[in-house]
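Engineer: I am attaching a structure below and will ask some questions about it afterwards.
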Ligand SMILES: CC(C)(COP(=O)(O)OP(=O)(O)OC[C@H]1O[C@@H](n2cnc3c(N)ncnc32)[C@H](O)[C@@H]1OP(=O)(O)O)[C@@H](O)C(=O)NCCC(=O)NCCS
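Residue numbers (the working numbering): 854 to 1059.
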């Protein structure tokens, strides 16, 4: 993979890349979704797109649901689910192995500006703690910039240490905490990077 300004962890190896969602990785996506389900994802309190995917599609057996899911996911660029804005979905992959996904919302509505942010992501449980999320976000930032977004709002739960580090490693500048969400602005091009933007801050619990 190409090194980026966040730096690639030495443990991120292989040919990891951001790709458009594809049926080619269907079998691997199904395996990954079962990993998410095994860690309890997909309940009604799981507001993430992975939660939606599990509830609406993955309860079906086999890989047949993947085709329907991808068809819907592709529509989200222009026709998103209720309450969401248009978004681009990208997958983080190593060859035919699905590692995770990142969703880029094209603009903020009131709720997204408050707690949801521009970007959401997941790495499958078996691929965690190898630098993938940090590298995936770094790889996605030029795509965000291409949408005309100079600074992306990314939020995480105050006790989500891993996600907070991913944001900070990518230059996230802390703004405030709203409810249980920490809000950071991440510059999408090096020119927008503020000095010291990635520093931890007292409001974060680790
Ligand atoms: C958050 C998540 C995306 C991180 O993915 P990842 O690929 O494991 O992250 P990275 O390997 O890039 O790790 C980033 C940092 O977090 C640390 N980290 C990762 N998992 C951690 C954990 N469970 N506890 C503490 N630190 C952790 C890593 O050591 C690394 O720190 P370092 O840079 O100081 O070494 C992944 O855990 C996940 O998908 N979680 C569930 C969904 C989620 O929380 N999404 C984000 C919503 S805001």
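Every residue gets a Cβ at the ideal spot worked out from N, C-alpha and C, and that includes glycine.
1) Where residue 882 and residue 951 are concerned, what is the direct C-alpha to C-alpha distance, given to the nearest angstrom?
2) Got a sec, what are the start and stop residues for the beta strand (DSSP E) residue 953 sits in?
3) According to DSSP, is residue 987 helix, strand or coil?
4) Exposed or buried, which one is residue 975 when buried takes at least 16 other CB atoms within 10 Å?
5) In whole angstroms, what is the alpha-carbon distance linking residue 895 and residue 998?
6) Using DSSP with H/G/I as helix, E/B as strand and the rest coil, what is residue 1020?
7) Could you check if residue 868 is buried or exposed, using at least 16 other CB atoms within 10 Å of its CB as the buried criterion?
8) With respect to 8 Å, is the separation between the Cβ of residue 950 and the closest non-hydrogen atom of ligand 2 below this value?
9) Would the beta-carbon of residue 996 fall within 9 Å of that of residue 957?
10) Any heavy atom of ligand 1 inside 8 Å of the beta-carbon of residue 984?
11) In angstroms with no decimal places, state the Cα-to-Cα distance between residue 1041 and residue 1028.
12) Between which two residues does the beta strand (DSSP E) containing residue 944 stretch?
13) Nearest to residue 1030 by alpha carbon, out of 910, 1043, 1022, 1010?
14) From residue 944 to residue 886, what distance separates their C-alpha atoms?
15) Measuring CB to CB, does residue 971 end up less than 9 Å from residue 939?
16) Confirm the yes/no value for this check: CB of residue 1018, any heavy atom of ligand 1, distance under 8 Å.
17) According to DSSP, simplified to helix, strand and coil, what is residue 1008?
18) Can a CB atom of chain C be found closer than 9 Å to the CB of residue 949?
Structural biologist: In brief:
1) 6 Å
2) That run of the beta strand (DSSP E) goes 950-958.
3) helix
4) buried
5) 31 Å
6) helix
7) exposed
8) Ligand 2 is not among the ligands present in this structure, which contains only ligand 1.
9) yes
10) Yes.
11) Looking at the two C-alpha atoms, the distance is approximately 16 Å.
12) Per DSSP, the unbroken beta strand (DSSP E) holding residue 944 starts and ends at 940-947.
13) 1010
14) Each residue's alpha carbon lies about 13 Å from the other.
15) no
16) True, at least one ligand heavy atom lies under 8 Å from that Cβ.
17) strand
18) As a matter of chain content, chain C is missing from the structure shown, which is built from one protein chain.
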